[in-house]
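In what follows, a single structure is set out as structure tokens and then discussed.
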Amino acid sequence: MREIEYAAPTTVDEAVSALATGGPCQPFAGGTDLLVQMRSRPPSEQKLVDIKRIPEMASIALDASGLRLGAATSCWDVSQHKGLRETYPGLVEAAELIGSIQIQNRATVGGNLCNASPAADTVPALIAVGAECVIAGPGGRRTVSVEDFVTGPGTTQLREDELLVELVIPPIPARSADAYLRFIPRGEMDIAVVGAGASVTLAPDGTCTAARIALGAVGPTAFAVPAAADAIIGSSLDEAALERAAAASREAANPIDDKRGTISYRRTVAGVLTRRAIRIAATRATERSS
Amino acid sequence: MARKTHVQATINGEQTEFLCQPHESLSEVLRNELDMTGTKEGCTTGDCGACSVLLDGRLVCGCLVLAVEADGSEITTIEGMATGQQLHPLQQKFLEHAALQCGICTPGFLVAAKALLEHNPDPSEHEVRYWLSGNLCRCTGYDKIIAAVLDAAQTMGGDAR
Amino acid sequence: MTDSNGSDRKFKWVGTRPIRHDGVDKVTGRAHYGADFDLPGMLHAHVLRSPHAHARIRRIDASKALALEGVKAVITSDDIPELPLDEASGPTNFSDLSRNVLARDKVLYHGHAVAAVAATSTRIAQEALSLIEVDYEPLPHVLDIRAAMAPGAPILHDHMRTKGLKEAPDEPSNIASKMELTRGDVDQALAEADFVIEREFETATVHQGYIEPHACVAQTNEDGQTTVWASSQGHFMIRAYSARLLRLDISQIKVIPMEIGGGFGGKTTVYLEPLAIVLSRKTGRPVKAVMTREEVFRATGPAPATLINVKFGANRDGKIVAAKCELFYEAGAFPGSPVAAGAMCILAPFDLDHFTIEGYDVVLNKPKTAAYRAPGAPPAAFAAETVIDEIARELEIDPLDLRRNNAVSKGSQAAYGPKFSDIGLIETLDALRKHPHYEAPLGENQGRGCAVGFWFNAGMQSSAEVKLNEDGTAVVVEGCPDIGGSRASLAIMAAEELGIDVYKVRPVVADTEAVGINDNTGGSRVTFATGMAVIEASQDVVRQCCERAANIWDIDAKDVIWQDGCAVATGDGAKKLDEEGKLPSMPIAEIAAGAARTGGPITGKASLNARGAGPAFAVHLVDVEVDRETGKVDIVRYTTVQDAGRAIHPSYVEGQMQGGAAQGIGWALNEEYVYDADGVLANPGFLDYRMPVALDLPMIDTVVVEVPNPRHPYGVRGVGEVPIVPPIPAIANAIHDATGVRMRKLPMSPPNLLAELTRAGRA
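Chains as they are written, first to last, in the working numbering: chain A, 545 to 834; chain B, 334 to 494; chain C, 16 to 778.
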């Protein structure tokens, strides 16, 4: 019989045990991707392990040592957290761009990451701030970078019996800020045609001393573009430097043609968003130092 | 057939219980088990908002919530918007502004707008449009819906801020 | 029926904005739409759909599905009658319709219905679908118009020979028909014109996008009587089509109209109803059939993709002297695109002595197209109105002036044939010129464009009854599903005639057994034609009331008039009453109370085929802002001006103007069917079929112009369809104004616009 089973553990250990019992098994948070995917296939056996009742997984801990964001924290809660918005505005922007208010109240940062759509909004933003993933399994916990966590379209490092528990983000240095931009054809509700995350650090004289640029929806996974960062590090973020960064993004982009965009269009827009995201991050970084 | 799960929830202020299978969505159960067909289904993928309900005070798509998850929660649907014979100001304004033509999206919009005004009692036109972008309307072009929501906000005291 | 069009009349209710009578049910969730109805013992039906764009069906084996616990029946085309290929009634070919409802011998598009299952739950029905084995022989398929017309193209229908050619061909073709409209000598006139502009346009397949998927419940009793609860644009159509397809007496089928969640033309035909009826007959149980959103996109009629060539000849003085148009519309898997309507509309706003218009209906392996709001007209206007804008620019004439100088008016011979009576094109152009939007300043990267639209509007059949209750309140019984507030408009008209408060009138959309025949809610005809029937029926009640009063007063009926809801004695009759010391006025409530004594219940009726539908013109003005780096277009400001003849309920007239504009905007900017090489639709959902959301649109300003239609008692013209016609060219013209680039392909989506901007060096 092709049936669904539902379990709602209240601790991480219980969840890991539930996932380890064998048979098709899936952690279930907001369900905004999972339920849609399940319905697009013929009915099949599936055990859904609801992780929303685990307090540790829906928490936001922000302090001088950085951010610990529970993987099952809803995008809405991320967007409403004043401290988060002040400290990591780009990350918040990415989270709050995911779908409608209805989706926001259910979708989670961790879920968006684990679904690993090449167009996922959170991933470029997480890469831009140097996030790491804390994974719990039967043998304990391990940590991997976000870039290593996503391994391909729709696939991550997670084994059958593992659970993404939280995201750890290092503290933002002084005179630094992040930004995330997404291009979609409508005003809302679309999947990203291109996503660009940027974080920059400025010297007191406005020179860029550090940067991270990441692109989404232009490759099988989101990825960092070191060449774009190199193009602006050491510069005053003048037009020429920004254009070099844009060119690097266009070069690094490896998109496909699909119903959401063509290769050439995505490459072009990757450059445009790179330039715009850097400018926004720089403006924020400047405002932080004043 | 799998054993059904027994769920208890408070729906529109009343203690309710129902049986459901794990794969059933909250919208399906509201409509099929509880005969509350005010919540509509336009797509079942969370893209149209016709199934909008409030779950523990949060605006969600009922099609993307499993009914089993609702155990112990508070749910508000369109059926709970009016108080007895008294329409909610949003419902009244929708009628006065002719903010509905076929009416299928209307319950979803009303629930979504109610959530908006509870979160932000004095929204700008842009804020209203942004919040309601998860609700599709194909008949009205949104103009009279936005006008009705802004008018309701005024009536409900939003301009007192 | 009077032809007075109400110009001199002082209305009490017409033009006011009462709250619609079905409004409270709709804002409380109480109203029942197609999927909101259940019966005890009900089964759930689901449809097996073709995985191929074109294939022969060799064999269907449903044995494993039937063996699944909970499955009660499986049907295929073996279970419905085979109709002769030429069985038709007007534009509807019933053999084609039958084969669309369930494929016979061949599947003609991905998603084409092949079989249907009834089971005790949706989940079981879906599982059963995967157990039905179908042996297909895939055939080459064709997905675009040019390829379908090319020699050697895969042929969909071996028996199809192009109709409308001078010599009947004997080779099969995918061109179902050709039609032509000609006047004067277009080649001569083009040769003599000061200059000629020739352009090609291409538009993509789009869907009506109604939020409610198709749904119905059918129950067949042991005596063969079937009841169907369905949401649709015409329950009489559901009855007639189902009876025809299943070879039943029409009297065996009763259709009860549920509320409808949008249609826009897409629900003027049948898909699920015949299947549900047959399944209910086979199982002896009620059967509910509801489409998923994906099925709606894959397998219900979209509006066709088109190729349109236009060639205009004009003189330097601003006169357009000749036009040649070729329209190629895809019909989908079966013939019947709206190319003829498109051909009839494309030149309708222009006063022309020389033109040739050719229209070609082309089949290919996509779902059978269905009507979509002013079917055929929007792509035609895209072509013509874009070229008009080019001519205006070339001649440095204001675009409204150019249109005004070539506009049709009363007495003009319409391009599609008849002489125009009173029409309002010039009035709408003048109203737009006076509007503050026309002169408002534009910002950086912004542009402004305008365009005119035309739609004929329909009359057709309507029946209504007005029943006077014992206390002088009334019930209006009609049979047109209320898709946009028509109950309110009909109640207004009855209240106006009867002279009673509009809230004392109860409008009812009745089922097929309870009211006379009504044609579909569509063609912008309900306020016009059903309105006419309601007015006539109300006048019938008034006449009877006057007779009863005359009877009671014992005076001549010709001395009794109706005023403000009262019978009033005049002339000799009034004199007589005065002598008797009686009041010369009797309110409707009193007449109603005495009805039993004076002759029985007072019921007025009318059944008509309404003639004299007034054509409608509209002009739209739009400001856009273009992001030149991404090609994204934002709609910054939008104004619609439309001739409504007489706005019965202005709020719902405005609603039609705004809703049609929004659909046109979506069609212009982002909506399109995306097919892969196998003929599979890649975007069958609201995520990637991108209709405008609230954030995509500004407030839409509406200006209602009233040039009364002389053929309607109140001057009504249909308003529902024309608003979707101008937006596409208006936006294209605005984009040109902002960027210098002319878009001639739809949608004008960011990648398409950016490609054009780049090509022109303006990115």
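Backbone N, C-alpha and C define an ideal beta-carbon position, used for all residues, glycine too.
In this text the structure is predicted, and so the values were computed from the model without any measurement.
Its Cα nearest to that of R198 (chain C), the residue C:L367 stands out among C:L440, C:L367, C:R726 and C:G351. Cβ atoms of R471 (chain B) and Y225 (chain C) come within 8 Å of each other, at about 6 Å. A Cβ-Cβ contact shorter than 7 Å links A88 (chain C) with A133 (chain C). Under the DSSP assignment, L433 (chain B) falls outside any alpha helix (DSSP H); it carries neither an H nor an E label. For G614 (chain A), the uninterrupted beta strand (DSSP E) segment begins and ends at G610 to G614.
DSSP links Q234 (chain C) through a beta bridge to C:T242.
The beta carbon of P106 (chain C) sits no closer than 7 Å to any beta carbon of chain A. Fewer than three pairs of CB atoms, one per stretch, sit closer than 8 Å, so the region 644-654 of chain A makes no contact with the region 686-702 of chain A. The alpha helix (DSSP H) runs of length 4 or more contained entirely in the region 347-374 of chain C are, from start to end of the chain, 354-360. Excluding residues up to 5 positions away in sequence, P682 and D705 lie with their Cβ nearer than 7 Å to the Cβ of A564 (chain A) in the same chain. Listed in chain order, the non-local C-beta contacts of S247 (chain C) below 6 Å within the same chain comprise I253 and K282, local neighbours out to five positions each way being set aside. Fewer than three Cβ pairs drawn from the region 572-584 of chain C and the region 535-553 of chain C lie within less than 8 Å of each other, which leaves the two stretches out of contact. W682 (chain C): member of the alpha helix (DSSP H) spanning P665 to L684, first to last residue.
For R462 (chain B), the CB contacts under 7 Å within the same chain, skipping 5 residues up- and downstream, are I479 in chain order. Contact between K596 (chain A) and A559 (chain A) is ruled out by a C-beta separation of about 11 Å, above the 8 Å threshold.
Per DSSP, Q701 (chain A) lies in no beta strand (DSSP E) and is assigned neither H nor E. Residue ranges of uninterrupted beta strand (DSSP E) with 3 or more members, entirely inside the region 534-615 of chain C and ordered along the chain, are 575-578, 581-584 and 600-602.
Remark: fewer than three beta-carbon pairs, one from each stretch, lie closer than 8 Å, so the region 714-729 of chain C and the region 324-344 of chain C are not flagged as touching.
The three-state secondary structure of T439 (chain B), taken from DSSP, is helix. One thing to note: H635 (chain C) has its Cβ no nearer than 7 Å to the Cβ of A395 (chain C).
In the DSSP assignment, the residues bridged to E215 (chain C) are C:N324. Shown here, Q476 (chain C) sits in a strand according to DSSP, grouped into three states. Interface residue (Cβ-Cβ distance to chain B less than 7 Å): K647 (chain C) is not classified as such.
Contact note: V816 (chain A) reaches chain C through E644 and T645, using a C-beta cutoff of 7 Å and chain order.
For Q646 (chain A), the nearest beta carbon of chain B is closer than 7 Å to its own beta carbon.
Contact note: G731 (chain A) reaches chain C through V708, L710 and D711, using a C-beta cutoff of 7 Å and chain order.
Residue nearest to E357 (chain B) within the set A:L579, A:S720 and A:T617 is A:L579 (criterion: CA-CA distance). In its chain, beyond the 5 residues on either side, C677, T700 and Q701 have a beta carbon closer than 6 Å to the beta carbon of F693 (chain A). Residue pairing from DSSP places L636 (chain C) in a beta bridge opposite C:C465 and C:T654. Under the three-pair Cβ rule at 8 Å, the region 66-79 of chain C does not count as touching the region 308-317 of chain C.
In the DSSP secondary-structure assignment, H59 (chain C) is bridged to C:A134 and C:K303. Taking 7 Å as the cut-off, the Cβ atoms of A407 (chain C) and P414 (chain C) count as close.
Those residues of the region 760-774 of chain C placed with their C-beta closer than 7 Å to a C-beta in chain A are S764, P765, P766 and L769, ordered along the chain. Excluding five sequence positions before and after A386 (chain C), the CB atoms of its chain that fall closer than 6 Å to its own CB belong to G280 and T283, given in chain order. Residues of chain B with a Cβ closer than 7 Å to the Cβ of T576 (chain A) are, in chain order, G379 and L397. Contact between W577 (chain C) and G514 (chain C) holds, with the beta-carbon distance rounding to 7 Å and staying under 8 Å.
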